[in-house]
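Protein chains in written order, with my numbering: chain A, 974 to 1217; chain B, 974 to 1217. First the structure, in the form of structure tokens, and then the observations on it.
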DNA sequence: ACCTGAACACCGTTCAAGT
DNA sequence: ACCTGAACACCGTTCAAGT
């Protein structure tokens, strides 16, 4: 029977408001009370600690880190998917809040791609997460940011919807394509080697000269530049008047 | 102790070449021997039976359907992920083999988007699968098909790589965005209702008039048309000469 | 209200053993 | 070579019970 014992971990038991209270007069609350915010922070820490794809985040790992039971976590968070979505949005939010102030709409749209790729570099698991569900906060945030810039470009109605949908799809697709690639732990040399192998793999798949050409081109580019080139291409398409 | 008993399921035991043989003279092989092909077919059947996201495919469900043990399946297939990739490619392959013969490159590129969206309509789980891994056969197939058409358009080198990367990313992103949307079980009315709800949800998220505008536009469009519009926009961008 | 922890119903993968 | 099935090391979620 342990009462008001102080664990050497992150938690104090049977204590409140920073003051030790007699166990009989207070209910059993932790001083560092759980909250959705604290849980999301722990989730991000777990995801960041492991390289790439996000499989590291597990309810049980969360339990050990927060020194609590599953029920406590489920009291603040409805589901693990919700938690993943919250983690992704929390990481993306600050990057995106800086964007609206960009002077030129086209630059702001390029900044969207840059923000996402830089977030992936720091938190590789975001790549997989963003393509998981189209209604999650982070994706809607991307949509909205793009939409606002398109409006500044003078687009309205169907044209705005088409342009917005195209840019959003492109950005998410880039993430899907490059997100699972070489991780942040790779140096430039490892990166080149990875892409080299990939290019050769492609080339071997069939002797097609077209594929070989493209594969060898890809080897030279880095993800971010590739993505920015794509944004520029789409911006040219937006600027061009529909032919029909 | 059962020998050469005929199960009423899909399998016969201790029999071979359609002829019942004495158990003592033959080893214990099944007449409908397992093969990667048979396993992939079963996987597709399981995935198709369940609506949407592909969580239905499970080793244990595969075991019951094929009336076998886990070891038997792992003898033909290295991992469940490989199986998912094989299932997706088997479904996509026939759709894509028809495309190369399209007369006009631009039409062929539009046909790529159409092929993918029609595959998703018939097999909703493909949406999630395609965004899972960038090196899976189905994705490489998409890449190659697009690459070949871009070559027919006269693109080479860096321009081909940028255009190919952009189109592929866009198509995969569309899939990520719309793949998890209303399932094939929805009628047109349900669809409208779903998108209506989505538009309102977006609008509520903040009072931003830009977002409301775009959301209400999206409500009118269907996935395929949206995707084709995007392809056209990108094709205009490809046709336009780079400004720098 | 907030938390505990056992219980439930699952997963994918491995591997010694059989024929 | 091909298959069996037990065992292993996990999952997310629920819920009666505690304070």
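Quick reminder that beta carbons are idealized off the backbone N, C-alpha and C, glycines included.
Applying a beta-carbon distance threshold of less than 7 Å, which residues of chain A neighbour residue i?
i	result
residue 1085 of chain B	Result: empty, since nearest Cβ-Cβ is about 13 Å, beyond 7 Å.
residue 1202 of chain B	1135
With 16 as the cutoff for other CB atoms within 10 Å, does residue i come out buried or exposed?
i	result
residue 1027 of chain A	buried
residue 1037 of chain A	exposed
residue 1067 of chain B	exposed
residue 1124 of chain A	buried
residue 1033 of chain A	exposed
residue 1200 of chain B	buried
residue 1100 of chain A	buried
residue 1044 of chain A	exposed
For a contact meaning CB atoms closer than 7 Å, what does residue i contact in chain B?
i	result
residue 1049 of chain A	Within chain B, no residue comes near residue 1049 of chain A; the closest Cβ sits about 22 Å away, beyond 7 Å.
Using a Cβ-Cβ cut-off of 8 Å, state whether residue i counts as contacting chain B.
i	result
residue 1146 of chain A	yes
residue 1142 of chain A	yes
residue 1097 of chain A	no
residue 1199 of chain A	yes
residue 1102 of chain A	no
residue 1149 of chain A	yes
Which of helix, strand or coil does DSSP assign to residue i?
i	result
residue 994 of chain A	Because the pLDDT of residue 994 of chain A is 34, which lies under 50, any placement of that residue in the model is unreliable, and the number read from its coordinates should be weighed accordingly. It is coil, neither helix nor strand.
residue 1024 of chain A	coil
residue 1029 of chain A	coil
residue 1006 of chain B	coil
residue 1146 of chain A	helix
residue 1127 of chain B	coil
Using a Cβ cut-off of 8 Å (strictly closer), state whether residue i contacts chain A.
i	result
residue 1062 of chain B	no
residue 1027 of chain B	no
residue 1120 of chain B	yes
residue 1107 of chain B	yes
residue 1111 of chain B	no
residue 1018 of chain B	no
residue 1157 of chain B	Note on residue 1157 of chain B: pLDDT 46, under 50, position unreliable in the model; the coordinate value appears next. So no, residue 1157 of chain B is outside the interface.
For a contact meaning CB atoms closer than 9 Å, what does residue i contact in chain A?
i	result
residue 1213 of chain B	1206, 1209, 1210, 1212 and 1213
residue 1067 of chain B	Under the 9 Å cutoff, chain A gives no residues; its nearest Cβ is about 18 Å from residue 1067 of chain B.
For residue i, go through chain A and note every residue whose CB falls closer than 8 Å to its CB, in chain order.
i	result
residue 1129 of chain B	1186
residue 1059 of chain B	Chain A residues near residue 1059 of chain B: none, gap ~15 Å exceeds 8 Å.
So residue i contacts chain B; which residues on that side make the cut at Cβ distance below 8 Å?
i	result
residue 1191 of chain A	1134 and 1138
Worksheet item: What runs of the alpha helix (DSSP H), each 4 residues or longer, lie entirely inside the stretch 1034-1122 of chain B?
Response: Every alpha helix (DSSP H) stretch that sits fully inside the stretch 1034-1122 of chain B and reaches 4 residues is listed by chain position as 1043-1049, 1053-1070, 1078-1095 and 1098-1103.
Discussion item. Quick check for students: name the residue ranges of the beta strand (DSSP E) that lie wholly in the stretch 1181-1213 of chain A, counting only runs of 3 or more.
Written reply: With a minimum length of 3 residues, there is no unbroken run of beta strand (DSSP E) contained wholly in the stretch 1181-1213 of chain A.
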